[in-house]
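If you're matching positions, the sequence shown starts at 700 in this note's numbering and goes up one per residue.
Just so you know, even glycine gets a beta-carbon here, dropped at the ideal spot from N, CA and C.
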Amino acid sequence: MTETACDVIVVGGGNAALCAALAAAEGGARVVVLERAPREEAGGNSSFTAGAIRFAYRGVDDLRTLMPDLTEDEVARTDFGSYTEDQFFDDMFRVTRNRTDPALCELLVRRSYATVAWMRGKGVRFQPIYGRQAFKVDDRFKFWGGLTVEAWGGGPGLVRALSDACHREAVSIRYASRAVRLLTDGGAVQGVEVKAEQRRYHLAAPVVILASGGFEADTEMRTRYLGPGWELAKVRGSRFNTGDGIKMALAIGASPAGNWSGCHAVGWDFNAPEFGDLAVGDGFQKHSYPWGVMVNATGRRFVDEGADFRNYTYARYGRVILEQPGNFAWQVFDAKVLHLLRDEYRIRQVTKVRAETLEELATRLEGVDASAFLDEMQAYNAAVRKDVAFNPNVKDGRGTVGLRVPKSNWANTLDAPPFEAYQVGCGITFTFGGLRIDGEARVLDQDQRTIGGLYAAGELVGGLFYFNYPGGTGLMNGAVFGRIAGTAAVADLPRLRARPPGTLLPGVSLG
């Protein structure tokens, strides 16, 4: 059976997909969104995020446009600073080792603020990230790391707001509906084959926008592309992100692009479940490591915990933890910094030990060489510079001297009881390899020509992120390119409709 009820099909149900759907509907298109997950698990990885979104802004007046309910008192007691486009560019090129695609990066940065303002106009509310991105100094909150704003209600709140906007604009969202094959006439796409709970059917449309995430939830693809050992990683987010959109596009000749052996992976509670749990959200993450130390099974430190703000290191340290003996590490803190630990350290589902002495703590660090750990802590404490003041708001230069693995900033001696330690493994968020697109989010084939009617946005696009990414850029990427895809698709509709109908080719079905 073939349905012909729409102009634009959007595959996926998260931030990128819903922004694409809204942009297409704004242009007058009839839009159907195919969300593989059931309604209660909808939203892709977006539902599992804290909702932080990185964009360029000039100062507090720009932020007040996005957050009109900011009070005068909040403005008076907060240093929001600014985050310029140049700073955004610098961060993107620095953390990707200058490999980010310049054209895509230009679109991401230049359109970031306008896109967030557009989302606000669609009903998405924003608020300052006081709990995770600001510290109080002299009775004023000061933001750091270029990340200031999050969606109201976090990732789930963002998905709800975008979904509500879709319903207001007559976008049809079909849950538990998996796109398994792109229908083509040998040149352009003509729709998709859909596998629903009780049936399979063809949904015809001149435009398909793929926004169904990366392949992080596919164990085989992780191991094939990221390498041996990646089958042992936990999936932070949606169990439905198995690379469907990527596979379907490659099957009709799309060009792969980007860092296929790279991914966003973080320190994640070692005993977290295999896939994300919406009841816990991102609470399994453990991102306060800059204030303490991390040790592996041999009792040794293995990474510079203070190399940079956590915004610029957390997305690559998951890989480093996975590479350690036993694929785990312990994060260790003392009483001096316990008040700085993020809220995720206080959830009920946490792998934690506590002790009054380092000697007692050593016996409680499961899987760790206790004697080596105590030697390591003695050497670390002796190496901490005490002539530099500790300041969590800036890269304070309070480091260590003479250690094999230095700590560059925020180094404190571990000598004030009680001591706490948290066991972490690797949690993979999304993969960096994906499809090649042009500046209008059109998917390119392996001859670098556009595939008629096919667009892509979000995590399944390759080329923006290599090795690492600046925190909060994932949601911004999805929103910017989702909006671009939806807008370009509507502009291209007259040309695509004018194509003479062809014979549908069988393609490759995912199941």
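{"Check": "Got a sec, what are the start and stop residues for the alpha helix (DSSP H) residue 1180 sits in?", "Outcome": "1172 to 1196"}
{"Check": "Could you check if residue 882 is buried or exposed, using at least 16 other CB atoms within 10 Å of its CB as the buried criterion?", "Outcome": "buried"}
{"Check": "Over the uninterrupted alpha helix (DSSP H) stretch that includes residue 843, give me the two end residues.", "Outcome": "Where residue 843 is concerned, there is no enclosing alpha helix (DSSP H), given that its DSSP letter is neither H nor E."}
{"Check": "How big is the Cα-Cα spacing for residue 1017 and residue 963?", "Outcome": "8 Å"}
{"Check": "Taking the beta strand (DSSP E) that residue 958 belongs to, which residues open and close that run?", "Outcome": "955 to 968"}
{"Check": "Could you check the C-alpha separation between residue 934 and residue 741 for me, to the nearest Å?", "Outcome": "16 Å"}
{"Check": "Could you name the residues that DSSP lists as bridge partners for residue 1029?", "Outcome": "994 and 1122"}
{"Check": "Going along the chain, which residues of its own chain have a beta-carbon closer than 6 Å to the beta-carbon of residue 1162, five neighbours each way excluded?", "Outcome": "800, 803, 956 and 957"}
{"Check": "Pull the bridge partners of residue 893 from the DSSP assignment, please.", "Outcome": "878 and 900"}
{"Check": "In terms of DSSP beta bridges, what is residue 871 paired with?", "Outcome": "731"}
{"Check": "Between which two residues does the beta strand (DSSP E) harbouring residue 1051 extend?", "Outcome": "1051 to 1054"}
{"Check": "Just to confirm the assignment, what range does the alpha helix (DSSP H) spanning residue 723 have?", "Outcome": "714 to 725"}
{"Check": "Have a look at residue 886 and residue 781 and give me their C-alpha separation to the nearest angstrom.", "Outcome": "47 Å"}
{"Check": "Helix, strand or coil: which one does DSSP assign to residue 800?", "Outcome": "coil"}
{"Check": "Going by DSSP in three states, residue 1166 sits in which element: helix, strand or coil?", "Outcome": "coil"}
{"Check": "Evaluate the contact criterion for the segment 754 to 772 versus the segment 864 to 879: three or more CB pairs, one atom per stretch, below 8 Å.", "Outcome": "no"}
{"Check": "With residue 734 and residue 873 assumed to form a contact (beta carbons below 8 Å), what rounded beta-carbon distance in angstroms separates them?", "Outcome": "7 Å"}
{"Check": "Let me know if residue 836 comes out buried or exposed under the rule of 16 or more other beta-carbons within 10 Å of its beta-carbon.", "Outcome": "exposed"}
{"Check": "Pop quiz: residue 807 and residue 1175 are said to be a contact at Cβ under 8 Å. What is the actual Cβ separation, rounded to whole angstroms?", "Outcome": "7 Å"}
{"Check": "Taking the alpha helix (DSSP H) that residue 1082 belongs to, which residues open and close that run?", "Outcome": "1069 to 1082"}
{"Check": "For residue 1133, which three-state DSSP category applies?", "Outcome": "strand"}
{"Check": "What does the Cβ neighbour count give for residue 749, buried or exposed, with the cut at 16 atoms within 10 Å?", "Outcome": "buried"}
{"Check": "Contact defined as beta carbons within less than 8 Å: I believe residue 1157 pairs with residue 758. What is the distance between those atoms, to the nearest angstrom?", "Outcome": "The pair is not a contact, with the Cβ atoms about 29 Å apart (cut-off 8 Å)."}
{"Check": "How big is the Cα-Cα spacing for residue 1116 and residue 987?", "Outcome": "18 Å"}
{"Check": "Note down, in chain order, each residue of its chain lying with its Cβ closer than 8 Å to the Cβ of residue 943, except the 5 sequence neighbours on either side.", "Outcome": "710, 735, 877, 878, 879, 911 and 1209"}
{"Check": "What are the residues that DSSP puts in a beta bridge with residue 927?", "Outcome": "According to DSSP, which records beta bridges pairwise, residue 927 is partnered with nothing at all."}
{"Check": "Around the Cβ of residue 946, are there at least 16 other Cβ atoms within 10 angstroms (buried) or fewer (exposed)?", "Outcome": "buried"}
{"Check": "Under three-state DSSP, which class holds residue 1099?", "Outcome": "strand"}
{"Check": "Going by beta carbon distance, what residues of the same chain come within less than 7 Å of residue 1192, once the five residues before and after it are set aside?", "Outcome": "706, 728, 905 and 906"}
{"Check": "Who are the Cβ neighbours of residue 1034 in its own chain at under 7 Å, not counting the five residues just before and after it?", "Outcome": "1115, 1116 and 1117"}
{"Check": "Under 8 Å, do residue 936 and residue 1089 count as touching if we go by C-beta distance?", "Outcome": "no"}
{"Check": "In its own chain, which residues sit with a C-beta less than 7 Å from the C-beta of residue 889, not counting the 5 before and 5 after it?", "Outcome": "882, 883, 903 and 1203"}
{"Check": "Would you call the segment 947 to 954 and the segment 1139 to 1156 in contact, with 3 or more CB pairs under 8 Å?", "Outcome": "yes"}
{"Check": "Kindly provide the ranges of any alpha helix (DSSP H) runs that are 4 or more residues long and lie completely inside the segment 811 to 861, ordered along the chain.", "Outcome": "811 to 820 and 829 to 832"}
{"Check": "Quick one: what's got a C-beta closer than 6 Å to residue 790's C-beta in the same chain, skipping five residues either side?", "Outcome": "1169"}
{"Check": "Taking the beta strand (DSSP E) that residue 1149 belongs to, which residues open and close that run?", "Outcome": "1149 to 1155"}
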